[in-house]
Amino acid sequence: MKYLKGYSPDTHNKVQLLLDRGQLADVLLGRYPKAHGVRTDKALYDYVVDLKNSYIRNGAPISKVMFDSKMQVIAHALGTHTTISRVQGMKLKTKHEIRIATVFRSAPEAFLRMIAVHELAHLKEREHDKAFYYLCERMEPNYHQYEFDLRLYLTHLDQPGGGNLWDPTRTLAEA
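This is the structure:
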(Lines of atoms letter the chains of each structure in order from A and count residues from 1; the text may use other names and numbers.)
(Lines give C-alpha, C1' and ligand atoms only; values in the text may rest on other atoms or scores of the structure.)
Protein backbone atom coordinates (compact mmCIF):
# COMPACT_ATOMS: atom_id res chain seq x y z
CA MET A 1 0.00 0.00 0.00
CA LYS A 2 2.49 2.56 -1.23
CA TYR A 3 -0.05 5.39 -1.31
CA LEU A 4 -0.77 5.01 2.42
CA LYS A 5 2.82 4.92 3.74
CA GLY A 6 2.44 7.83 6.16
CA TYR A 7 -0.68 6.43 7.81
CA SER A 8 -0.95 4.38 10.99
CA PRO A 9 -0.81 0.56 11.07
CA ASP A 10 -4.45 0.61 12.21
CA THR A 11 -5.43 2.46 9.03
CA HIS A 12 -3.41 0.00 6.95
CA ASN A 13 -5.21 -2.90 8.61
CA LYS A 14 -8.65 -1.40 7.95
CA VAL A 15 -7.83 -0.75 4.30
CA GLN A 16 -6.35 -4.23 3.92
CA LEU A 17 -9.55 -5.71 5.36
CA LEU A 18 -11.62 -3.79 2.80
CA LEU A 19 -9.32 -5.06 0.04
CA ASP A 20 -9.50 -8.66 1.26
CA ARG A 21 -13.30 -8.50 1.33
CA GLY A 22 -13.46 -6.77 -2.08
CA GLN A 23 -15.29 -3.81 -0.53
CA LEU A 24 -12.95 -0.89 -1.21
CA ALA A 25 -14.60 -0.07 -4.55
CA ASP A 26 -18.05 -0.17 -2.92
CA VAL A 27 -16.92 2.22 -0.17
CA LEU A 28 -15.53 4.68 -2.72
CA LEU A 29 -18.60 4.46 -4.97
CA GLY A 30 -20.81 4.96 -1.90
CA ARG A 31 -18.99 8.19 -1.01
CA TYR A 32 -18.60 9.42 -4.58
CA PRO A 33 -21.33 7.95 -6.80
CA LYS A 34 -20.54 9.84 -9.99
CA ALA A 35 -17.74 11.45 -11.95
CA HIS A 36 -17.32 15.15 -12.63
CA GLY A 37 -18.27 16.59 -16.01
CA VAL A 38 -14.92 18.22 -16.83
CA ARG A 39 -13.74 16.32 -19.91
CA THR A 40 -11.77 18.76 -22.07
CA ASP A 41 -8.66 20.81 -21.41
CA LYS A 42 -10.69 23.99 -22.02
CA ALA A 43 -13.27 22.96 -19.40
CA LEU A 44 -10.43 22.07 -17.00
CA TYR A 45 -8.80 25.46 -17.58
CA ASP A 46 -12.10 27.22 -16.83
CA TYR A 47 -12.63 25.06 -13.71
CA VAL A 48 -9.17 25.81 -12.29
CA VAL A 49 -9.26 29.52 -13.16
CA ASP A 50 -12.66 29.85 -11.44
CA LEU A 51 -11.16 28.28 -8.30
CA LYS A 52 -8.13 30.55 -8.52
CA ASN A 53 -10.26 33.66 -8.95
CA SER A 54 -12.37 32.69 -5.93
CA TYR A 55 -9.46 32.14 -3.54
CA ILE A 56 -6.21 33.55 -4.94
CA ARG A 57 -7.22 36.77 -6.63
CA ASN A 58 -3.80 38.41 -6.54
CA GLY A 59 -1.92 35.25 -7.54
CA ALA A 60 0.00 34.92 -10.76
CA PRO A 61 -2.10 34.27 -13.86
CA ILE A 62 -2.28 30.72 -15.18
CA SER A 63 -1.44 30.35 -18.85
CA LYS A 64 -2.24 26.66 -19.36
CA VAL A 65 -4.19 23.91 -17.61
CA MET A 66 -4.51 20.48 -19.15
CA PHE A 67 -4.95 16.77 -18.61
CA ASP A 68 -1.58 15.10 -19.20
CA SER A 69 -1.58 11.51 -20.46
CA LYS A 70 2.20 11.25 -19.97
CA MET A 71 2.02 11.94 -16.26
CA GLN A 72 2.58 8.78 -14.27
CA VAL A 73 0.67 8.51 -11.01
CA ILE A 74 3.16 5.79 -10.12
CA ALA A 75 5.81 8.53 -9.89
CA HIS A 76 3.64 10.06 -7.13
CA ALA A 77 2.50 12.95 -9.32
CA LEU A 78 -1.24 13.54 -9.47
CA GLY A 79 -0.73 16.94 -10.95
CA THR A 80 2.12 19.36 -11.50
CA HIS A 81 2.57 23.08 -11.33
CA THR A 82 5.41 24.46 -13.39
CA THR A 83 6.76 27.94 -13.81
CA ILE A 84 8.36 28.69 -17.13
CA SER A 85 10.42 31.85 -17.53
CA ARG A 86 11.26 33.20 -20.97
CA VAL A 87 13.07 36.31 -22.12
CA GLN A 88 10.93 38.45 -24.40
CA GLY A 89 12.86 41.49 -25.55
CA MET A 90 14.14 43.23 -22.45
CA LYS A 91 11.61 41.58 -20.13
CA LEU A 92 11.43 38.26 -18.35
CA LYS A 93 7.97 36.69 -18.82
CA THR A 94 6.78 33.99 -16.43
CA LYS A 95 4.07 31.50 -17.30
CA HIS A 96 2.40 29.11 -14.88
CA GLU A 97 1.11 25.76 -16.10
CA ILE A 98 -0.91 23.13 -14.28
CA ARG A 99 -1.12 19.58 -15.57
CA ILE A 100 -3.37 16.91 -14.08
CA ALA A 101 -2.97 13.20 -14.75
CA THR A 102 -5.46 11.93 -17.34
CA VAL A 103 -6.63 9.17 -14.98
CA PHE A 104 -8.60 11.92 -13.20
CA ARG A 105 -10.54 12.90 -16.34
CA SER A 106 -13.24 10.49 -15.13
CA ALA A 107 -13.10 10.72 -11.36
CA PRO A 108 -15.30 12.35 -8.73
CA GLU A 109 -15.36 16.14 -8.64
CA ALA A 110 -13.96 16.04 -5.10
CA PHE A 111 -10.75 14.39 -6.36
CA LEU A 112 -10.36 16.87 -9.21
CA ARG A 113 -10.96 19.77 -6.84
CA MET A 114 -8.43 18.43 -4.34
CA ILE A 115 -5.73 18.16 -7.02
CA ALA A 116 -6.57 21.59 -8.48
CA VAL A 117 -6.51 23.19 -5.02
CA HIS A 118 -3.16 21.53 -4.30
CA GLU A 119 -1.59 22.84 -7.50
CA LEU A 120 -3.12 26.31 -7.05
CA ALA A 121 -1.68 26.52 -3.54
CA HIS A 122 1.76 26.24 -5.14
CA LEU A 123 1.16 29.67 -6.73
CA LYS A 124 1.55 31.12 -3.23
CA GLU A 125 3.50 28.49 -1.29
CA ARG A 126 6.31 26.48 -2.88
CA GLU A 127 6.91 23.98 -0.08
CA HIS A 128 4.51 21.47 1.45
CA ASP A 129 4.59 23.17 4.83
CA LYS A 130 2.03 24.36 7.36
CA ALA A 131 1.18 27.51 5.37
CA PHE A 132 0.69 25.42 2.22
CA TYR A 133 -1.81 23.04 3.84
CA TYR A 134 -3.56 25.94 5.59
CA LEU A 135 -4.14 27.49 2.16
CA CYS A 136 -5.38 24.15 0.78
CA GLU A 137 -7.85 23.86 3.66
CA ARG A 138 -9.01 27.44 3.15
CA MET A 139 -9.81 26.66 -0.49
CA GLU A 140 -11.29 23.23 0.28
CA PRO A 141 -12.29 22.52 3.91
CA ASN A 142 -12.48 18.76 3.20
CA TYR A 143 -9.03 18.75 1.58
CA HIS A 144 -7.49 16.10 3.86
CA GLN A 145 -10.47 13.73 3.61
CA TYR A 146 -10.46 14.02 -0.19
CA GLU A 147 -6.72 13.41 -0.24
CA PHE A 148 -7.12 10.27 1.87
CA ASP A 149 -9.97 8.99 -0.28
CA LEU A 150 -7.91 9.70 -3.38
CA ARG A 151 -5.12 7.60 -1.88
CA LEU A 152 -7.67 4.82 -1.31
CA TYR A 153 -8.68 5.08 -4.97
CA LEU A 154 -5.05 4.87 -6.10
CA THR A 155 -4.66 1.81 -3.87
CA HIS A 156 -7.72 0.32 -5.60
CA LEU A 157 -6.21 1.05 -9.04
CA ASP A 158 -3.00 -0.65 -7.92
CA GLN A 159 -4.83 -3.94 -7.25
CA PRO A 160 -5.18 -6.64 -9.92
CA GLY A 161 -8.37 -5.89 -11.82
CA GLY A 162 -8.73 -2.50 -10.13
CA GLY A 163 -10.04 -0.35 -12.95
CA ASN A 164 -11.41 3.18 -13.05
CA LEU A 165 -14.62 3.12 -11.03
CA TRP A 166 -16.08 6.16 -12.79
CA ASP A 167 -15.15 5.23 -16.37
CA PRO A 168 -18.17 6.10 -18.55
CA THR A 169 -17.70 2.89 -20.56
CA ARG A 170 -17.85 0.74 -17.40
CA THR A 171 -21.01 -1.35 -17.03
CA LEU A 172 -23.00 -1.77 -13.83
CA ALA A 173 -21.91 -5.41 -13.65
CA GLU A 174 -18.27 -4.33 -13.49
CA ALA A 175 -18.89 -1.76 -10.73
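No gaps in the numbering here: position 85 of the sequence shown is 497 in the numbering used here, and each next residue is one more.
Cβ atoms here follow ideal geometry from the backbone N, Cα and C, with glycine treated the same way.
Check whether the Cβ atoms of residue i and residue j lie closer than 7 Å to each other.
{"i": "Tyr-457", "j": "Val-450", "result": "no"}
{"i": "Leu-532", "j": "Lys-454", "result": "no"}
{"i": "Asn-576", "j": "Ser-481", "result": "no"}
{"i": "Leu-436", "j": "His-556", "result": "no"}
{"i": "Met-526", "j": "Glu-559", "result": "yes"}
Output the boundary residues of the beta strand (DSSP E) element that contains residue i.
{"i": "Arg-517", "result": "Here Arg-517 belongs to no beta strand (DSSP E), and DSSP marks it neither H nor E."}
Go to residue i, then tell me how far its alpha helix (DSSP H) extends in each direction, as first and last residue.
{"i": "Val-477", "result": "Here Val-477 belongs to no alpha helix (DSSP H); instead the beta strand (DSSP E) covers 474-480."}
{"i": "Glu-539", "result": "Counting along the chain, Glu-539 falls outside any alpha helix (DSSP H), and DSSP gives it neither H nor E."}
{"i": "Pro-421", "result": "421-433"}
{"i": "Arg-563", "result": "555-570"}
{"i": "Gly-442", "result": "436-443"}
According to the neighbour-count rule (16 or more other Cβ atoms, all chains shown, within 10 Å of its Cβ), is residue i buried or exposed?
{"i": "Leu-504", "result": "exposed"}
{"i": "Leu-566", "result": "buried"}
{"i": "Met-551", "result": "buried"}
{"i": "Tyr-546", "result": "exposed"}
{"i": "Arg-469", "result": "exposed"}
{"i": "Arg-433", "result": "exposed"}
{"i": "Leu-429", "result": "exposed"}
{"i": "Arg-511", "result": "buried"}
{"i": "Asp-561", "result": "buried"}
{"i": "Ser-420", "result": "exposed"}
Report whether the distance from the Cβ of residue i to the nearest heavy atom of the ligand MG is below 6 Å.
{"i": "Arg-451", "result": "You won't find the ligand MG in this model; it holds no ligand whatsoever."}
My understanding is that residue i touches residue j, with C-beta atoms under 8 Å, so please give their C-beta distance in whole angstroms.
{"i": "Leu-535", "j": "Leu-440", "result": "With a Cβ gap of about 30 Å, Leu-535 and Leu-440 do not count as contacting."}
If you compare alpha carbons, which of the options is closest to residue i?
{"i": "Val-477", "options": "Ser-466, Phe-544, Arg-469 and Asp-462", "result": "Asp-462"}
{"i": "His-508", "options": "Arg-538, Phe-516, Val-515 and Met-483", "result": "Arg-538"}
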